[in-house]
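Presented below is the structure to which this report refers.
2 protein chains.
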Amino acid sequence: MQWLTSPQNPRVKEWAALKEGKFRLRSRSYLVEGLRAVQAYRDAGAPLSALLYDPESGQAEQYHGVIAQLEERRVPVFAVTADILSRIADTDQPQGILAVAPWPEVDLESLLEAVSASQTGGKFPIDAKGRTGSADTDDSAGMTGLTGVVGCADVLILVDGLRDPGNLGTLIRTAQAVGVSGLLATTGTVDPFAPKVVRAAMGATAQMPVLRAAASRIIEAIEQARIRVVAAAVRGGVALYDCPLTGPLILAIGGEAEGLSPEVLELATTHVTLPMPGSTESLNAGVAASVLLYEALRQRIHAVG
Amino acid sequence: MQWLTSPQNPRVKEWAALKEGKFRLRSRSYLVEGLRAVQAYRDAGAPLSALLYDPESGQAEQYHGVIAQLEERRVPVFAVTADILSRIADTDQPQGILAVAPWPEVDLESLLEAVSASQTGGKFPIDAKGRTGSADTDDSAGMTGLTGVVGCADVLILVDGLRDPGNLGTLIRTAQAVGVSGLLATTGTVDPFAPKVVRAAMGATAQMPVLRAAASRIIEAIEQARIRVVAAAVRGGVALYDCPLTGPLILAIGGEAEGLSPEVLELATTHVTLPMPGSTESLNAGVAASVLLYEALRQRIHAVG
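Chains as they are written, first to last, in my numbering: chain A, 1 to 305; chain B, 1 to 305.
Here you go:
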């Protein structure tokens with residue numbers, strides 16, 4: 001552990017700049033704020049390039065465990081002042097702990113290939129507590145009535161034009177919960193590594209390949225890989241429960257206001273729409289995408305059930 | 001239309017106090033902020049006790065239509081200064097328009113009786129555009145593959161202990177979209193009429209009976225009505241897709257941290273859990289509740305399909 005007390009330290013300035021997209025791009029790293037998120041990175045064994053904490057924070061005692069474990073994994077740990085933490089953090093009232101994570105290096109072609117080769121409904125091996133997941137998880141979501149846990153390993157998400165950080169973070173969190181293989185975001189989408197998105201994802205960003213690239217680059221790779229694309233449409237699509245979602249699949253989710261761009265819509269062979277028998281005109285975009293993902297999971301569970 | 005320019009006007013003070021729960025309770029009214037929300041109240045024909053707007057706002061031209069329509073319905077309209085609007089509004093940068101709505105008068109026993117008497121899978125009459133809904137809606141969510149739109153008129157939501165305003169607002173929005181008959185919130189839940197909740201609900205609060213009462217009062221009424229209660233549990237419940245959700249039903253949703261209170265858990269005959277094959281430990285509470293609601297809708301569609 002090192003002390004770092006001067007706000008003028010070049011490292012402090014570098015980390016504080018990670019609130020801005022162009023600096024994240026330049027240094028290929030991003031901020032992970034708060035104890036719960038840092039713990040999720042530890043649990044996932046995800047790489048971290050620095051851990052910063054304020055030893056005088058009222059919660060400092062709670063940080064000891066995660067600090068010791070990350071030091072053991074050779075993550076550089078810095079004790080800093082509350083002032084320095086608040087300069088670096090995006091939140092107005094930051095917790096006394098945050099980390100810096102390197103961008104994941106995701107190869108688009110390999111990811112598409114893996115999804116293409118996945119089998120719908122392959123049961124994941126489950127442990128005695130009735131769940132799959134990383135070896136580090138110490139808790140159980142054991143359920144009665146499921147003899148194996150089927151995931152969405154043959155599903156990728158393509159997000160195009162989503163603007164609200166909370167919606168994208170929520171979507172990443174749900175995507176991880178149903179076990180999708182990764183998330184592709186076009187550059188017209190809010191940056192998945194922006195602090196607000198990472199916070200709303202509650203650590204799920206660490207547990208799933210996330211890649212941001214130009215729409216043209218992503219579209220070309222998908223065309224090459226010949227994976228079926230289903231586009232979420234606010235209206236006019238096939239009703240969700242009449243739409244087969246099994247088999248290798250890319251689920252395309254558009255923005256809150258304009259939906260998907262014409263290029264992505266054209267890529268899709270099917271448009272799917274959530275039924276809304278009430279008089280409400282639309283759903284929260286993160287919710288709509290999550291309902292679609294859970295229907296994809298349901299169809300996989302039933303395919304092997 | 002009247003002018004109202006003094007921040008010292010007692011009405012201004014009264015409206016500004018509606019940001020606080022105790023004043024909402026005393027005056028039995030709440031704030032509806034922003035053009036989109038006000039339009040939703042107009043579309044639903046929901047009562048409003050006042051409409052306030054800033055004629056010098058850059059967006060003032062967009063307000064003319066809704067102002068004229070609400071004046072026609074005898075809603076008192078006040079032209080106010082930007083300063084007065086920002087004193088009343090909860091948002092830091094309020095839009096130039098907001099309304100004051102009276103609390104809906106909801107009779108708990110009648111609501112439970114109506115749900116109890118509802119038929120699962122009764123098809124709603126649908127219009128030529130393929131949707132149900134209020135006569136005022138001017139848009140279509142028409143879908144192929146559905147010959148009738150089935151809603152969740154035999155479902156009520158009971159929220160107990162949910163703390164995040166965004167989560168409750170999202171839940172109200174989804175509940176309205178699937179056509180549930182109403183929402184009951186225990187006093188341990190964030191106030192459904194708090195400004196942040198109303199904003200996240202995007203106008204859905206106007207279109208559905210929403211009632212807040214002590215848990216003991218709600219529990220007693222449910223016991224009397226003998227409606228089946230299914231409780232959402234983060235772990236340990238029946239897997240969602242193995243859980244029959246048709247028939248008159250109360251879906252109980254707990255808080256982000258502690259889940260449901262023991263009294264509500266005891267009321268439930270079934271606990272239901274969302275499968276999470278990924279390594280994520282939990283979902284956003286608004287998302288989890290929305291996925292449950294859409295599964296209830298799916299089972300109703302299939303029951304008549």
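Beta carbons are placed, not taken as given, at the ideal position from N, Cα and C, and that holds for glycine.
Owing to the predicted nature of the structure, the values given are computational and were not obtained by experimental measurement.
Neighbourhood of residue i by C-beta, 8 Å cutoff - its chain only, sequence neighbours within 5 removed
{"i": "B:Gln-62", "result": "Leu-35"}
{"i": "B:Trp-103", "result": "Arg-24, Arg-28, Ser-29, Tyr-30, Phe-193"}
{"i": "B:Thr-306", "result": "Since the first residue of chain B shown is 1 and the last is 305, residue 306 of chain B is not available in this structure."}
{"i": "B:Ser-118", "result": "Ala-153, Asp-154, Ser-181, Pro-248"}
{"i": "A:Ala-215", "result": "Asp-160, Thr-186, Thr-187, Gly-188, Ser-261, Glu-263, Val-264"}
{"i": "B:Pro-244", "result": "Gln-299"}
Per-residue contacts from residue i into chain B (C-beta, under 7 Å)
{"i": "A:Ala-177", "result": "Met-276, Gly-278, Thr-280, Leu-283"}
{"i": "A:Thr-170", "result": "Asn-284, Val-287"}
{"i": "A:Ala-204", "result": "Thr-280"}
DSSP bridge partner residues for residue i (one or two, in chain order)
{"i": "A:Tyr-53", "result": "A:Ala-79, A:Ile-97"}
{"i": "B:Trp-103", "result": "Partner(s): none; B:Trp-103 has no beta bridge."}
{"i": "A:His-271", "result": "A:Ala-231"}
{"i": "B:Ser-29", "result": "B:Pro-102"}
{"i": "B:Trp-3", "result": "B:Ala-79"}
{"i": "B:Ala-252", "result": "B:Leu-158, B:Ala-231"}
{"i": "B:Arg-74", "result": "Beta-bridge pairing links B:Arg-74 to no other residue."}
{"i": "A:Thr-186", "result": "A:Ala-213"}
{"i": "A:Gly-259", "result": "A:Gly-255"}
Contacts that residue i makes with chain A (C-beta to C-beta distance below 8 Å)
{"i": "B:Leu-297", "result": "Pro-275, Pro-277"}
{"i": "B:Ile-253", "result": "Within chain A, no residue comes near B:Ile-253; the closest Cβ sits about 14 Å away, beyond 8 Å."}
C-alpha gap between residue i and residue j, whole angstroms
{"i": "A:Arg-300", "j": "A:Val-150", "result": "7 Å"}
{"i": "B:Ser-290", "j": "B:Thr-81", "result": "39 Å"}
{"i": "A:Gln-39", "j": "B:Ser-181", "result": "40 Å"}
{"i": "A:Ser-6", "j": "A:Ala-16", "result": "13 Å"}
{"i": "B:Thr-170", "j": "B:Ile-157", "result": "13 Å"}
{"i": "A:Gly-286", "j": "B:Thr-280", "result": "17 Å"}
{"i": "A:Arg-42", "j": "A:Val-264", "result": "36 Å"}
{"i": "B:Gln-59", "j": "B:Ile-97", "result": "9 Å"}
{"i": "B:Asp-138", "j": "B:His-64", "result": "With a pLDDT of only 34 at B:Asp-138, under 50, the local geometry of the prediction cannot be trusted, and the value read off the model is given with reservation. Spanning the two alpha carbons is a distance of roughly 18 Å."}
{"i": "A:Gln-224", "j": "A:Pro-262", "result": "19 Å"}
{"i": "B:Thr-187", "j": "A:Asp-242", "result": "40 Å"}
{"i": "A:Ala-57", "j": "B:Met-276", "result": "In the sequence under discussion, the amino acid at residue 57 of chain A is Ser, which differs from the Ala named in the question. About 34 Å."}
{"i": "A:Ala-37", "j": "A:Gly-166", "result": "15 Å"}
{"i": "A:Gly-100", "j": "A:Val-106", "result": "For clarity, residue 100 of chain A is Val in the given sequence; the question names Gly instead. Computed Cα separation, rounded: 18 Å."}
{"i": "B:Thr-269", "j": "B:Thr-246", "result": "14 Å"}
{"i": "B:Ala-3", "j": "B:Ile-88", "result": "The amino acid at residue 3 of chain B is misidentified as Ala; the sequence shows Trp. Their Cα atoms are separated by approximately 16 Å."}
{"i": "A:Leu-22", "j": "A:Leu-108", "result": "Here residue 22 of chain A turns out to be Lys, not Leu, going by the sequence shown. Taking the straight line from one Cα to the other gives about 22 Å."}
{"i": "B:Gly-278", "j": "A:His-302", "result": "18 Å"}
{"i": "B:Asp-83", "j": "B:Glu-258", "result": "41 Å"}
{"i": "B:Ile-227", "j": "B:Arg-217", "result": "15 Å"}
{"i": "B:Ile-250", "j": "A:Ser-116", "result": "41 Å"}
{"i": "B:Val-229", "j": "B:Val-197", "result": "25 Å"}
Cβ-based neighbour list, residue i, same chain, cut-off 6 Å, excluding 5 preceding and 5 following
{"i": "A:Val-75", "result": "Leu-48, Leu-51"}
{"i": "A:Ser-86", "result": "Pro-94"}
{"i": "B:Asn-9", "result": "none"}
{"i": "B:His-271", "result": "Ala-231, Ala-233, Gly-237"}
{"i": "A:Ala-114", "result": "none"}
{"i": "A:Leu-297", "result": "Cys-152, Val-178"}
{"i": "A:Val-12", "result": "Ile-84"}
Beta-carbon proximity list for residue i, same chain, < 7 Å, skipping 5 on both sides
{"i": "A:Thr-91", "result": "Glu-33"}
{"i": "A:Leu-260", "result": "Asp-160, Gly-161, Ala-231, Ala-252, Gly-254"}
{"i": "A:Val-77", "result": "Met-1, Leu-51, Ile-67, Leu-70, Glu-71"}
{"i": "A:Pro-195", "result": "Lys-19, Leu-31, Glu-33, Asp-90"}
{"i": "A:Ala-201", "result": "Gly-169, Ile-172, Arg-173"}
{"i": "B:Ala-128", "result": "Low confidence applies here, because B:Ala-128 scores a pLDDT of 36, under 50, leaving its location unreliable; read the following figure in that light. Taken in chain order, the list of residues that qualify is empty."}
{"i": "B:Asp-282", "result": "One detail in the question is off: residue 282 of chain B reads as Ser in this sequence, not Asp. Once the five neighbours on either side are set aside, the close Cβ partners of B:Ser-282 are Val-234."}
{"i": "A:Pro-55", "result": "Ala-79"}
Pair within 8 Å by beta-carbon distance, residue i and residue j
{"i": "B:Pro-248", "j": "B:Leu-111", "result": "no"}
{"i": "B:Arg-212", "j": "B:Asp-191", "result": "yes"}
{"i": "B:Ala-175", "j": "B:Leu-293", "result": "yes"}
{"i": "B:Leu-267", "j": "B:Ile-222", "result": "yes"}
{"i": "B:Glu-256", "j": "B:Arg-163", "result": "yes"}
Neighbouring residues, chain A, relative to residue i (Cβ below 7 Å)
{"i": "B:Thr-174", "result": "Leu-283, Val-287"}
{"i": "B:Val-291", "result": "Ser-290, Val-291, Tyr-294"}
{"i": "B:Val-150", "result": "Pro-277"}
{"i": "B:Ile-157", "result": "By Cβ distance, chain A contributes nothing, its closest Cβ being about 13 Å from B:Ile-157, past 7 Å."}
Proximal chain B residues relative to residue i, where beta-carbon distance stays under 8 Å
{"i": "A:Ile-250", "result": "Going along chain B, no residue has its Cβ under 8 Å from A:Ile-250, so there is no contact; the nearest lies around 18 Å."}
9 Å Cβ cut-off: residues of chain B touching residue i
{"i": "A:Tyr-41", "result": "Within chain B, no residue comes near A:Tyr-41; the closest Cβ sits about 12 Å away, beyond 9 Å."}
{"i": "A:Gln-207", "result": "Gly-278, Ser-279, Thr-280"}
{"i": "A:Asp-44", "result": "According to the sequence shown, residue 44 of chain A is Ala rather than Asp. Ordered by position in chain B, the residues that pass the 9 Å Cβ test against A:Ala-44 are Ser-279."}
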